[in-house]
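Peer 1:
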DNA sequence: CTGTTAGCGCCTTCAC
DNA sequence: GTGAAGGCGCTAACAG
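Residue numbers (my numbering), protein chains in the order written: chain A, 1 to 334; chain B, 1001 to 1334.
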């Protein structure tokens, strides 16, 4: 039904090839021929079929965003949205489309990510919000599909990554609490399957050591990034360590749980207990007391990931590992 | 490079046609032929090219999500994410892909939505977060592109819509405040370009009349859905009407601004001033005092929109207008 | 400079 | 039940 290149060729009285060349900016076309073709194409409202082009060029100019747990309610959403924006905006600038690929749906649990990507002939993928132990994701990465992973340090021939410098971020948090006079500083971490958890823990321990504080295992609690988990972590740490005056949470949502617990047991924040989160989700400005936290550059993570992937695709650049510096945002909870 | 249907045919010792039929579940294929083809296809890890199929079938099984203002910071995000999830999940179940189409980027400001949709040969579009007066969007809707619009009541041959029953929602809010004993109830609305604003205003005025309250124009303020705008609206209304004891805001974010202003001028919520929002964004549970609000079924709006569009596409169903009932969530601010 | 000839990978009549 | 053509809309050699 739509007007094809053939229609334009006929109307302009030239061959299909010439139309193709004229419209794609090739130099070897007569100036007036080109003008005529352009005029006719415009008059006919010709829209070249990206599908047909993809078939012959063997490139779809489309990249997939692989996300797991893209469900109604999930603790990682706050973070992922920001990244999504960055990815989308930059990809659009670079002339790439973005299709969402999630694994939450019944249908997609049957077909692997890899099948999906291959069938759609995606040029590359950006992976986000996926646990390191996800069986399907490994398949994609092993397949040599050009990819960039958010928040997991995986580097190979065709796979780069971008993440926040979590070690540094955790150090910022601990140093801040130390500077505020705290000496018994707890740490509530996220689940072990997240690479960021390892790094944040590492940063916590290193910073504690730097500050000359002994690291007691009882000062740490492994949770799951949820608010409920944060409450539990806060409760446990305070019970085990009555002298604890500050806790660093590996996510804002967990810190919210911490604030809630403190309130429940009548502890004043920040005077009785100081709290630092991680992420700087929007919520953290709004709660009372507002939450001091480590800000991650979400949007920038997205643009960097998009740039890296397209660089690999269009310019054959090598994938790399990029660390973005986080920042401490001091608010009322410390 | 990837294995094609021809490779499978050769390896199975049958024709391309037979492979196609066997793999696509046609009946007129010998039982053992089918088994053999399936086995060979699996062994070779054959992945049919969605691109090639699209070209010949003239259908991409891809729908576009048109969003404007998909920027780093925007007041509508909270709402749009929920809808996005619903759309994506349902579309995946139905075998459709979702590509994001936004207009924020430099490149896309040059090409209209319509051009984009046509070139990608999208099967349909879902439109969300777009002002009614957006010049480009009209182009898409006029073009007869199968579409479903979120939050704007546009109904035509190829265009349906889904939105919350905003009139009813606003009434819920006003009735609730009335039931709490308030008689001077203000209303801070969003910008006029949003269809929902008209409806919420309508619901406010009708409910006021139902309650036997005279509607003073000074009780209303037209703002812009932002927190800052909400602050301003709250301030203005209270200055003009010192006896005002309750305000209904057309969005939670504006209500946040209201809460902030109240706090700034030393008004206690809810005793001095009661506040009701609209949307039930996540924030509203976390602020202190937590915000009473009109809950919108965001995820469901997405699934309904996806169902409607695919119904039009796959079953030739007629587009329709669907209203979803909101709910009052009573919290501490009233 | 421009047209002709081949496909890209797949589905679909139409014969056998 | 199966295969042989033809073509979806476009680009890419290769000739002239």
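Here a beta-carbon is modelled for each residue, glycine too, at the ideal position from N, C-alpha and C.
If we define contact as Cβ-Cβ less than 8 Å, is residue 22/A a contact residue for chain B?
Peer 2: It does not; no Cβ of chain B falls within 8 Å.
Peer 1: Cβ of residue 1005/B within 8 Å of Cβ of residue 1083/B?
Peer 2: Not a contact, by the Cβ cut-off of 8 Å.
Peer 1: Since residue 1051/B meets chain A, which of its residues come closer than 7 Å, beta carbon to beta carbon?
Peer 2: Correct list: 51, 54, 55, 60 and 121.
Peer 1: Under 9 Å between beta-carbons, which chain A residues line up against residue 1002/B? List them in chain order, please.
Peer 2: Here the neighbours are 118 and 121.
Peer 1: Thinking C-beta only, is residue 21/A closer than 8 Å to residue 28/A?
Peer 2: Yes. Within cutoff.
Peer 1: Within a Cβ cutoff of 7 Å, which residues of the same chain sit near residue 207/A, ignoring the five residues on either side of it in sequence?
Peer 2: The answer, listed in chain order, is 170, 171, 174 and 175.
Peer 1: At a Cβ cut of 8 Å, what residues of the stretch 1249-1263 of chain B count as close to chain A, listed as they run along the chain?
Peer 2: Of all residues in the stretch 1249-1263 of chain B, 1256 have a Cβ within less than 8 Å of some Cβ in chain A.
Peer 1: Can you name the residues of chain A whose CB is closer than 8 Å to the CB of residue 1115/B?
Peer 2: What residue 1115/B touches in chain A: 47.
Peer 1: In angstroms, rounded to a whole number, what distance separates the CA positions of residue 1257/B and residue 195/A?
Peer 2: Cα to Cα, the separation comes out at about 37 Å.
Peer 1: Can you tell me whether residue 1026/B is buried or exposed, with buried defined as 16 or more other CB within 10 angstroms of its CB?
Peer 2: Exposed, by the Cβ-count rule.
Peer 1: Taking C-beta pairs closer than 8 Å, name the residues in chain B that residue 81/A reaches, listed in chain order.
Peer 2: Here the neighbours are 1077 and 1081.
Peer 1: So is residue 102/A in contact with chain B if we call contact Cβ pairs under 8 Å?
Peer 2: Yes - at least one Cβ of chain B is within 8 Å of the one on residue 102/A.
Peer 1: So within the stretch 53-96 of chain A, which uninterrupted alpha helix (DSSP H) runs reach at least 4 residues, ignoring any that extend past its ends?
Peer 2: Segments of the alpha helix (DSSP H) lying fully in the stretch 53-96 of chain A: 77-93.
Peer 1: The beta strand (DSSP E) with residue 1246/B in it runs from where to where?
Peer 2: That run of the beta strand (DSSP E) goes 1246-1249.
Peer 1: Grouping DSSP H, G and I as helix and E and B as strand, with all else coil, what is residue 225/A?
Peer 2: Coil, per DSSP.
Peer 1: Between residue 1113/B and residue 184/A, what straight-line distance do the alpha-carbon atoms span, to the nearest angstrom?
Peer 2: Using only the alpha carbons, I get a separation of about 57 Å.
Peer 1: Show which residues of chain B have a CB atom less than 8 Å away from the CB atom of residue 307/A.
Peer 2: None at all; the shortest Cβ gap to chain B is about 14 Å.
Peer 1: According to the Cβ coordinates, are residue 1039/B and residue 97/A closer than 8 Å?
Peer 2: Taking 8 Å as the Cβ cut-off, residue 1039/B and residue 97/A do not qualify as a contacting pair.
Peer 1: How long is the line joining the alpha carbons of residue 1320/B and residue 1085/B, rounded to whole angstroms?
Peer 2: So the alpha carbons of these two residues sit roughly 21 Å apart.
Peer 1: Roughly how many whole angstroms lie between the Cα atoms of residue 1023/B and residue 1308/B?
Peer 2: Near 29 Å, if we compare the C-alpha coordinates of residue 1308/B and residue 1023/B.
Peer 1: Would you say the beta carbon of residue 101/A is closer than 7 Å to some non-hydrogen atom of the ligand NAP?
Peer 2: Summarising the ligand content, the structure contains no ligands, and the ligand NAP is consequently not present.
Peer 1: Against chain B, with Cβ distances strictly below 8 Å, would residue 92/A count as a contact?
Peer 2: Yes, residue 92/A lies at the interface with chain B (some Cβ there is under 8 Å from its Cβ).
Peer 1: Just how far apart, CA to CA, sit residue 305/A and residue 61/A?
Peer 2: Their Cα atoms are separated by approximately 16 Å.
Peer 1: Given a cut-off of 8 Å on the beta-carbon distance, is the pair residue 8/A and residue 44/A in contact?
Peer 2: Yes; because the gap between Cβ atoms is below 8 Å, this pair is in contact.
Peer 1: Going along chain B in order, which residues have a C-beta closer than 9 Å to the C-beta of residue 99/A?
Peer 2: Neighbours of residue 99/A on chain B, chain order: 1062, 1097, 1098, 1099 and 1100.
Peer 1: Rounded to whole angstroms, what's the CA-CA distance from residue 1201/B to residue 1268/B? Just pull it up for me.
Peer 2: Whole-angstrom Cα-Cα distance: 26 Å.
Peer 1: Buried or exposed: which applies to residue 330/A, given that a residue is buried once 16 or more other Cβ atoms fall within 10 Å of its Cβ?
Peer 2: Per the 10 Å Cβ criterion, exposed.
Peer 1: Looking at the unbroken beta strand (DSSP E) that takes in residue 322/A, where does it start and where does it end?
Peer 2: Residues 321-324.
Peer 1: Assuming residue 1271/B contacts residue 1277/B (C-beta within less than 8 Å), just tell me the rounded distance between them.
Peer 2: Not really, about 18 Å apart at Cβ, beyond 8 Å.
Peer 1: My guess is that residue 80/A and residue 128/A are in contact by the Cβ rule of under 8 Å, so how many angstroms apart are they, rounded?
Peer 2: Confirmed, about 6 Å.
Peer 1: Nearest CA to the CA of residue 158/A: which residue from 93/A, 130/A and 147/A?
Peer 2: Minimum Cα distance to residue 158/A is reached at 147/A.
Peer 1: So which residues of chain B does residue 282/A contact, with C-beta pairs closer than 8 Å?
Peer 2: Per Cβ cutoff of 8 Å: 1283.
Peer 1: Just the C-alpha distance for residue 1224/B and residue 1077/B, rounded to the nearest angstrom, thanks.
Peer 2: In a straight line, the C-alpha of residue 1224/B is about 14 Å away from that of residue 1077/B.
Peer 1: By the DSSP assignment, the alpha helix (DSSP H) with residue 1117/B in it spans what residues?
Peer 2: Taken as a continuous stretch (DSSP letters only), the alpha helix (DSSP H) holding residue 1117/B covers 1113-1120.
Peer 1: Listing by chain order, which chain B residues have their CB less than 9 Å from the CB of residue 136/A?
Peer 2: Neighbours of residue 136/A on chain B: none; closest Cβ ~15 Å, over 9 Å.
Peer 1: Cβ atoms of residue 334/A and residue 292/A: under 8 Å apart, would you say?
Peer 2: Their beta carbons are under 8 Å apart, which means residue 292/A touches residue 334/A by this criterion.
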